[in-house]
Amino acid sequence: MKNRTINLILFLFLAGSSLLWAKIDLVTLPERDSVQMTIYNSADITLVQDSRTLTLGKGENNLQFSWANTLIDPTSLELFAKTMADKINIMELSFPPRVKDLGLWKIKSDVPGKAPVEINYFTSGISWRAYYMATLASDEKTMELEGYVRVTNNSGEDYENAKVRVIVGKINLLDEIAALARRQYPYGSPLPVPYPSSSASTMMRREVAFEMKAAVAGAMDMSLAKPKDIIKEGLSEYFLYTIEGTESIPSGWSRRLLSLKQSDIPVVNFYKYEEERYGNFANRFISFVNDEKHKLGKEPLPDGLVKAFRKIDKENHLSYIGADNAKYIPIGEKVELNMGSSLDVRVEAKMMDYRTKNYLFNNSGGNISGWDEEKSYEITVSNYRSLPVRVEVLRNFPHQYWELVKKGEFGEFEKVDIDTVKFTVELAPNSVKKFTYILTQFEGDRRQFR
Amino acid sequence: MGHKAVLGFVILSVFLACKTGHARIKLVALPDRDNAVVRLDNPSATLVEEERVLLLQKGTNKVDFAWKGVRIDPDSIRIQILSHPRDVNLLSVSYPPNEDALVWEISSPQAWEEKIRISYILYNLDRLVTYKLLSDKKEKSVELQSYLVLRNLSGEDFDNSVFTLDYGAPFMTSIQHEGTKQMLFLKKSGVPVEKSFTFDSALLPWDPEKVEGNVGIPVKYIIKNDRQSGLGEFALWGGKARIFQDDGSGTTIFLGEDNASFVPAGEKMELLIGDSRDIVVTQRKMKDARINIRRNTTNGIILYDTEEIMEVKIENFREEAAVLTLIQHIPGQWEMSETTHSYEKEDANKIKFLVSIPGKGKETVVFNYNRRNVR
């Protein structure tokens with residue numbers, strides 16, 4: 408029932424036949440001992456580490472590796488002996504002419520017998536993504552967070568009993584692995600060579616995938632018996648998630664795994680009003696920090712969609728709040744999830760008065776060379792909810808030459824940068840606060856002469 | 074495709090008497106190629122030298138050299154007489170119409186074996202260099218491997234030919250038309266590696282919070298092509314480098330790839346591996362005011378300075394300390410009045426801060442400068 412597309416054949420080298428691979432006799436067909444997949448999500452690339460045991464003869468051996476109908480990058484192929492590396496010399500890897508998807512390693516061994524080797528390569532078509540479900544308690548002071556990893560295999564190759572690891576992080580990649588896999592010549596050509604027509608290979612791939620589906624159902628049932636742990640570890644600038652045990656993911660299938668589950672995470676609910684970014688509505692945010700105080704902080708959270716819900720009664724019925732694409736969250740960083748515009752918390756900003764004054768006239772023609780614009784704004788912040796809320800009102804000014812006078816319940820005030828200020832207002836349930844600010848903008852020569 | 078390489082070699086022994094140039098007769102003798110040397114020392118062209126033994130007759134001999142389907146530069150073909158260079162003379166070279174061929178007219182004082190060397194530029198046989206770097210788990214040193222990749226689309230098959238590069242010993246291998254071959258030619262372990270993080274204010278967004286998606290700080294691996302690194306014997310050619318790291322459990326992870334540029338001995342190889350998303354840089358301009366204004370008689374501004382304050386907050390969410398290279402651009406005529414950190418001038422309008430941030434720490438760089446504006 409197996410539909411294996413990767414083949415490995417070991418040949419004993421026949422003296423005299425220089426490179427005539429087709430004339431070499433077949434010796435063994437080593438099976439896979441184990442296989443590990445390291446899947447990236449910033450690009451379509453998976454590192455496959457395939458362990459096999461070869462039976463080598465003393466002297467020169469040839470190993471043929473073929474990968475028809477898969478998406479393997481031939482330039483990434485690497486073979487090395489896991490033991491006795493000083494006695495087993497990988498001399499060269501050649502890609503014979505006019506044969507697609509086939510490589511031939513020349514191995515010189517000083518010792519005959521069994522030799523464990525590892526074959527590494529990149530393949531395209533296997534991907535993973537993260538997503539989350541956040542469930543707020545009814546008082547909205549805490550939440551439960553569940554993180555998932557979903558692995559999908561569209562590589563054309565079945566990976567049975569594979570150790571699965573996923574990488575969180577963004578690697579630099581020059582070429583698409585799928586494009587490298589489809590090249591006519593493994594390392595490309597010094598000439599511009601047209602791509603071979605892809606229709607035939609696409610057809611074949613479909614056929615293979617179809618057959619695999621029928622073969623797979625049994626394997627899936629067995630491995631759903633218990634949830635698996637995911638071991639997380641930082642490496643270089645990335646984070647490595649290793650899924651406990653092994654997984655069988657046939658081509659065409661995907662698998663969802665729980666990567667994180669934490670309850671009672673304290674959260675801050677707040678609202679932000681900034682016309683330039685969110686229009687005339689206050690947007691609702693849920694905020695927490697990826698640290699120990701918030702019962703998190705063991706690993707960075709990979710970017711993914713967060714769907715937020717709220718428990719509305721004792722029977723744990725849920726109400727859907729909204730969703731936001733969370734960016735990557737390093738350990739220790741504060742997260743602000745935007746749940747979209749709110750109807751029950753409102754901010755209204757009205758200009759109540761406008762006047763110009765303090766004119767300057769230039770010496771030559773008596774024209775106006777400077778003046779002040781004075782604008783009075785009234786901000787009304789309304790909380791129609793039965794819970795207390797915090798509202799941040801951000802105001803952007805057209806330039807940096809301004810002065811501000813504030814009146815009323817403006818809460819905390821902060822200058823964010825040269826032309827942005829922030830008012831932070833705390834509101835009790837079902838309450839309204841109002842404040843006014845008078846903005847004086849200096850125009851023309853008034854920017855210098857005041 | 075599908076054409077088969079034909080490098081024909083035909084000697085026509087022509088008696089002095091019948092000098093008439095009638096139809097070209099072929100297939101008299103086909104001397105075997107002795108030693109082919111493929112020189113890959115020039116990145117833009119490959120030179121092939123091959124030696125053959127001709128059986129020359131006394132008098133004028135016509136030697137036909139044909140390269141149907143082989144990408145030879147016809148103007149580059151040269152012949153050297155090796156056995157009797159004083160006595161055997163090349164009289165003329167002629168090119169028959171509509172054929173990839175030429176005919177050498179060679180005069181010989183007697184019938185003997187003559188060794189000749191033919192050289193020509195062959196297109197579409199080239200070499201690439203690729204690198205594999207395997208870093209230890211702590212990213213202190215790497216094992217550097219370099220592979221030579223031969224690509225042959227020249228139309229010609231090379232069996233047991235000698236290939237030479239601009240360094241290292243020549244080696245013998247075979248490569249057929251449309252074949253590709255990859256060979257390890259350099260392996261050095263324990264090469265020290267330095268990791269660098271760079272924020273260039275002209276290239277990256279100032280406020281990552283306002284950007285859709287993630288903003289990463291580019292991370293580079295830097296190795297030196299010198300003796301201390303166990304290298305430095307020859308220049309490292311440019312090529313694709315793939316960087317891996319020991320994951321501490323007997324296997325590796327892939328860190329990223331970059332194109333290495335040509336690195337002369339003594340210079341550094343810099344490879345961008347990917348982004349760090351655990352270092353976050355937020356830059357804000359806190360002041361931009363006009364000062365020292367000078368006016369003309371009609372009160373028009375003719376000269377002023379600006380006082381500008383830039384604030385750069387750097388957060389390191391990693392466990393380990395990091396040194397961030399912070400690049401800032403200040404156009405025009407300027408003078409620094411105050412900074413929290415020292416900087417180096419890269420050029421007239423570019424400055425560089427090296428900012429150390431402890432693990433799980435924060436650092437704020439504030440610099441205050443004045444710019445002169447003339448109207």
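Protein chains in written order, with this note's numbering: chain A, 408 to 857; chain B, 74 to 448.
Idealized CB from N, CA, C, for every residue including glycine.
The model shown is predicted, which means the values in this text are computed figures rather than measured ones.
For residue i, report the span of its alpha helix (DSSP H) as first-last.
| i | result |
| --- | --- |
| tyrosine 592 of chain A | Where tyrosine 592 of chain A is concerned, there is no enclosing alpha helix (DSSP H), given that its DSSP letter is neither H nor E. |
| glutamate 401 of chain A | Here chain A comprises residues numbered 408 to 857, so residue 401 of chain A is not present and cannot be evaluated. |
Are the C-beta atoms of residue i and some chain B residue less than 8 Å apart?
| i | result |
| --- | --- |
| leucine 500 of chain A | yes |
| threonine 445 of chain A | yes |
| leucine 642 of chain A | yes |
| leucine 454 of chain A | yes |
| glutamate 740 of chain A | yes |
| arginine 439 of chain A | no |
| glutamine 848 of chain A | no |
| arginine 853 of chain A | no |
| proline 707 of chain A | yes |
| isoleucine 514 of chain A | no |
| asparagine 765 of chain A | no |
| proline 519 of chain A | no |
| leucine 426 of chain A | Its pLDDT being 41, under 50, leucine 426 of chain A is placed unreliably by the model, and nothing is read from it. |
| glutamine 807 of chain A | yes |
| isoleucine 825 of chain A | yes |
| asparagine 769 of chain A | yes |
| leucine 647 of chain A | yes |
What first and last residue would you give for the beta strand (DSSP E) that runs through residue i?
| i | result |
| --- | --- |
| threonine 558 of chain A | According to the sequence as given, residue 558 of chain A is valine; it is not threonine. Element bounds for valine 558 of chain A: 549 to 560. |
| methionine 256 of chain B | 253 to 265 |
| serine 483 of chain A | 479 to 488 |
| aspartate 824 of chain A | 819 to 824 |
| alanine 139 of chain B | 132 to 139 |
| tryptophan 535 of chain A | 533 to 543 |
| methionine 491 of chain A | Neither: methionine 491 of chain A is in no beta strand (DSSP E) and is coded neither H nor E. |
| alanine 391 of chain B | Checking the sequence, you will find arginine at residue 391 of chain B rather than alanine. First-last for arginine 391 of chain B: undefined, no H or E at that position. |
| arginine 445 of chain B | 435 to 447 |
| arginine 792 of chain A | Where arginine 792 of chain A is concerned, there is no enclosing beta strand (DSSP E), given that its DSSP letter is neither H nor E. |
| phenylalanine 335 of chain B | Where phenylalanine 335 of chain B is concerned, there is no enclosing beta strand (DSSP E), given that its DSSP letter is neither H nor E. |
| glycine 815 of chain A | 809 to 815 |
| glutamine 855 of chain A | Glutamine 855 of chain A -> no beta strand (DSSP E), and no H or E assigned at all. |
| arginine 797 of chain A | 796 to 803 |
| glutamine 249 of chain B | Neither: glutamine 249 of chain B is in no beta strand (DSSP E) and is coded neither H nor E. |
Please report whether the beta-carbon of residue i lies at a distance below 8 Å from any beta-carbon of chain A.
| i | result |
| --- | --- |
| isoleucine 194 of chain B | no |
| glutamine 401 of chain B | no |
| valine 50 of chain B | This structure does not reach residue 50 of chain B, given that chain B is present from 74 up to 448, and the question cannot be answered. |
| leucine 309 of chain B | no |
| leucine 328 of chain B | yes |
| isoleucine 387 of chain B | no |
| glutamine 183 of chain B | no |
| threonine 324 of chain B | yes |
By DSSP's criteria, residue i is part of a beta bridge. Which residues make up the other side?
| i | result |
| --- | --- |
| proline 291 of chain B | B:Asp348 |
| tyrosine 766 of chain A | Looking at the DSSP assignment, tyrosine 766 of chain A forms no beta bridge with any residue, so it has no partner. |
| threonine 445 of chain A | A:Leu454, A:Arg572 |
| tyrosine 204 of chain B | B:Ser219, B:Ala314 |
| serine 181 of chain B | B:Gly132 |
Touching or not, the segment 120 to 132 of chain B and the segment 183 to 203 of chain B, by the rule of three or more beta carbon pairs under 8 Å? With the cut-off at 8 Å, the segment 120 to 132 of chain B and the segment 183 to 203 of chain B touch.
Note down, in chain order, all residues in the segment 557 to 586 of chain A with a beta-carbon under 7 Å from any beta-carbon belonging to chain B. Residues Ile574, Gly576, Lys577, Ile578, Asn579, Leu580, Leu581.
Just checking, does the segment 164 to 171 of chain B make contact with the segment 201 to 216 of chain B on the three C-beta pairs under 8 Å criterion? Judged by Cβ distances under 8 Å, the segment 164 to 171 of chain B makes no contact with the segment 201 to 216 of chain B, as fewer than three pairs qualify.
Three-pair Cβ contact test at 8 Å for the segment 586 to 598 of chain A versus the segment 563 to 577 of chain A: The segment 586 to 598 of chain A, when compared against the segment 563 to 577 of chain A, does not touch it at the 8 Å Cβ threshold.
contact_flag[the segment 695 to 705 of chain A, the segment 530 to 540 of chain A] where n(CB pairs < 8 Å) is 3 or more: Contact between the segment 695 to 705 of chain A and the segment 530 to 540 of chain A is absent: fewer than three C-beta pairs spanning the two stretches fall below 8 Å.
Is the number of C-beta pairs between the segment 460 to 476 of chain A and the segment 361 to 374 of chain B that are closer than 8 Å three or more? Taking 8 Å as the limit for Cβ pairs, the verdict is that the segment 361 to 374 of chain B does not touch the segment 460 to 476 of chain A.
Should the segment 534 to 548 of chain A be regarded as contacting the segment 492 to 508 of chain A, the criterion being three or more beta carbon pairs within less than 8 Å? At 8 Å Cβ cutoff, the stretches do not touch.
Would you check if there are 3 or more beta carbon pairs closer than 8 Å linking the segment 331 to 348 of chain B to the segment 292 to 300 of chain B? Yes, since at least three Cβ pairs between the segment 331 to 348 of chain B and the segment 292 to 300 of chain B fall closer than 8 Å, the two stretches touch.
So if I threshold CB-CB distances at 7 Å, which residues from the segment 204 to 228 of chain B count as touching chain A? Correct list: Glu212, Val222, Arg224, Leu226.
Are the segment 679 to 690 of chain A and the segment 741 to 748 of chain A in contact at 8 Å, needing three or more beta carbon pairs? Contact between the segment 679 to 690 of chain A and the segment 741 to 748 of chain A is present: 3 or more CB-CB pairs across the two stretches fall below 8 Å.
Is there contact here, the segment 299 to 310 of chain B with the segment 257 to 265 of chain B, by at least three beta-carbon pairs under 8 Å? Between the segment 299 to 310 of chain B and the segment 257 to 265 of chain B there are three or more C-beta pairs closer than 8 Å, enough to call the two in contact.
Please identify, using Cβ separations under 7 Å, the residues of the segment 538 to 558 of chain A that lie next to chain B, in order along the chain. The residues in question: there are none.
Taking a cut of 7 Å between CB atoms, which residues from the segment 258 to 289 of chain B lie near chain A? Cβ contacts with chain A come from Gly286, Asn287, Gly289.
Contact list for the segment 242 to 257 of chain B against chain A, Cβ threshold 9 Å: For the segment 242 to 257 of chain B, the beta-carbon criterion of a distance under 9 Å to any beta-carbon of chain A is satisfied by Thr246, Ser247, Ile248, Gln249, His250, Glu251, Gly252, Thr253, Lys254, Gln255, Met256, Leu257.
Tell me, please, whether the segment 554 to 566 of chain A touches the segment 492 to 502 of chain A by the rule of three or more beta-carbon pairs shorter than 8 Å. Cβ pair count under 8 Å is below three, so no.
Do the segment 327 to 340 of chain B and the segment 308 to 319 of chain B meet, that is, are 3 or more Cβ pairs less than 8 Å apart? The segment 327 to 340 of chain B is in contact with the segment 308 to 319 of chain B.
Interface residues of the segment 360 to 390 of chain B facing chain A [CB-CB below 7 Å]: Within the segment 360 to 390 of chain B, the residues whose Cβ lies closer than 7 Å to some Cβ of chain A are Lys360, Asp361, Arg363, Ile366, Thr371, Asn372, Phe390, listed in chain order.
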